[in-house]
Amino acid sequence: AANLGIQLKDEHIAEIIAGDRGTSLRLLFQIRKGLKGITTASAQGSEGPHGEGLKREGRASLSNHFFQTRIQPSGHNNKRLAQEVHAKPFVDRYASHMQHRANMQARDVEDARNCSSSLATASCKNMQESKRGKKLAERKHNDRWARNIETRIDSMQKDLNQEKQFVKQKHQRVENIRQRHRSECGYLKGCDTDGIGWFEMNLQHLGIDASEHAGTLESNLHASTAKEFYQELEKKLPADAHMQVETKKSMQKIKKTKQGNDAGQREREQRQRRAQVEQENTQARMDEQKCEDELLSRLLTDAQKYRCEAMAYAQRQRFKVAAHAERVARQEMQKGTSASLKEHMAITRHKQCQVECNDGSRQVVACAPKNLASG
8 AANLGIQLKD EHIAEIIAGD RGTSLRLLFQ IRKGLKGITT ASAQGSEGPH
58 GEGLKREGRA SLSNHFFQTR IQPSGHNNKR LAQEVHAKPF VDRYASHMQH
108 RANMQARDVE DARNCSSSLA TASCKNMQES KRGKKLAERK HNDRWARNIE
158 TRIDSMQKDL NQEKQFVKQK HQRVENIRQR HRSECGYLKG CDTDGIGWFE
208 MNLQHLGIDA SEHAGTLESN LHASTAKEFY QELEKKLPAD AHMQVETKKS
258 MQKIKKTKQG NDAGQREREQ RQRRAQVEQE NTQARMDEQK CEDELLSRLL
308 TDAQKYRCEA MAYAQRQRFK VAAHAERVAR QEMQKGTSAS LKEHMAITRH
358 KQCQVECNDG SRQVVACAPK NLASG
């Protein structure tokens, strides 16, 4: 706009966008004027600050062109030579115009080539900048993703360390409880200072035998071979009669226990059967009650539906009766109105007739004395 000498302001742009015809025409006139000035300057061959303008061909070149194209082909004895010489200014003007047109076309082609090259350079530059921006964005995205992954891994490692610490503490707590139990029960090797071992040692110091042989006459079996050990064990066995008595008592106890278990089993089975029967009866009553409730609900729904239909039918009947009564009343009213109107019209017509008759009789009475006088 500055090169063409156009003064374009913000308010002018707003008016053009708003559709102001006068502003648009003024802008077109300024553009035409600027383009005309540029065309005139280029036609004159003036050199501007941006480059060398087009040069017009000299008169010698035009004369050579006229001689080569018009005079030399026709020859010296041609009759049209005078006409051709007379038409030389027009031919020179046409040739200069065609040359100027060819120069302008060449300049346009050069400008288009330069413009396309500049557009290609700009598009290549924009594409490179776009690729560079995409690579930068991708690098930032990868860096952010790597940071997120590292943060997540650190969080998982922290959680894993805490879980390991918690498991270790739990195992240590369990081990402490076991160690305390061992120390209290005297299960530790060489532990004679506390626990059961310490208690039994104090009993032995007092003369009380708390070992497994306590209460027997002989605490140890003196045998050198296995056979002697077996014989000693047989000697410690109770007598046969005592064993029979103990066996009989044990059998009686076992039988009593079995009888009690059988009786308890029978009672449990009876209770289970009783509970099952009661449950079946309860289920049957619940099913029956449910069926009755469903039947009652269905009957209530049907009754409600029938009631609604009956009410709708009664309402339609009342509407029909009311409409019929209204129609009959309207017809009777129309009949009464027409009868009264006819009666009124008859009375009015009768009165008019009477008035006309009275007027006629008066005229007759008025004319009779005149007739008598003339007679």
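Position 338 of the sequence shown, counted from 1, bears residue number 345 in our numbering, the numbering being contiguous throughout. No residue lacks a Cβ here, since even glycine has one placed at the ideal position from N, Cα and C.
Simplified DSSP assignment, three categories, for residue i
i	result
L303	helix
I156	helix
A109	helix
I13	coil
A246	coil
Run of the alpha helix (DSSP H) containing residue i, from where it starts to where it stops
i	result
I24	D17 to A25
L240	A233 to K243
Through-space distance from residue j to residue i, alpha-carbon basis
i	j	result
H351	K358	11 Å
T128	K141	20 Å
E385	V284	Because the chain in this structure spans residues 8 to 382, residue 385 falls outside the shown range and cannot be described.
I387	N268	The structure shown does not extend to residue 387, since the chain is modelled only from 8 to 382, so the question has no answer here.
K234	A246	20 Å
I156	R146	15 Å
K342	A353	16 Å
S231	Q259	41 Å
S347	A336	16 Å
I13	C122	22 Å
H107	L35	26 Å
Q296	N288	12 Å
K242	K265	34 Å
G26	R39	20 Å
V252	L244	14 Å
R134	W152	Note on residue identity: the sequence assigns Met, not Arg, to residue 134. Cα to Cα, the separation comes out at about 26 Å.
K177	M250	54 Å
H188	L167	31 Å
Y320	R292	41 Å
V307	M318	Sequence check: residue 307 is Leu here, not Val. L307 and M318: Cα-Cα distance of roughly 16 Å.
L126	G44	27 Å
Q179	N149	44 Å
F97	A109	18 Å
R312	R325	According to the sequence provided, residue 312 is Lys. The question's Arg does not apply to it. Straight-line Cα distance between these residues: approximately 20 Å.
Q279	Q169	54 Å
E239	A248	20 Å
Q322	K349	40 Å
S404	K171	Residue 404 lies beyond the stretch modelled for the chain, which goes from 8 to 382, so this question has no answer here.
K263	Q277	21 Å
V116	Q37	26 Å
A144	R154	15 Å
R159	F173	21 Å
G271	R185	42 Å
G29	H19	10 Å
D161	V181	30 Å
A119	K132	19 Å
K327	R314	20 Å
Burial state of residue i (16 or more Cβ within 10 Å)
i	result
E54	Note that E54 scores 45 on pLDDT, short of 50, meaning its location in the model is unreliable and no value can be drawn from it.
K138	exposed
A373	Here the model assigns A373 a pLDDT of 48, short of 50, so the residue's position is not dependable and the matter cannot be decided.
Min CB distance residue i to chain C below 9 Å
i	result
F236	The structure shown contains no chain C; it is built from a single protein chain.
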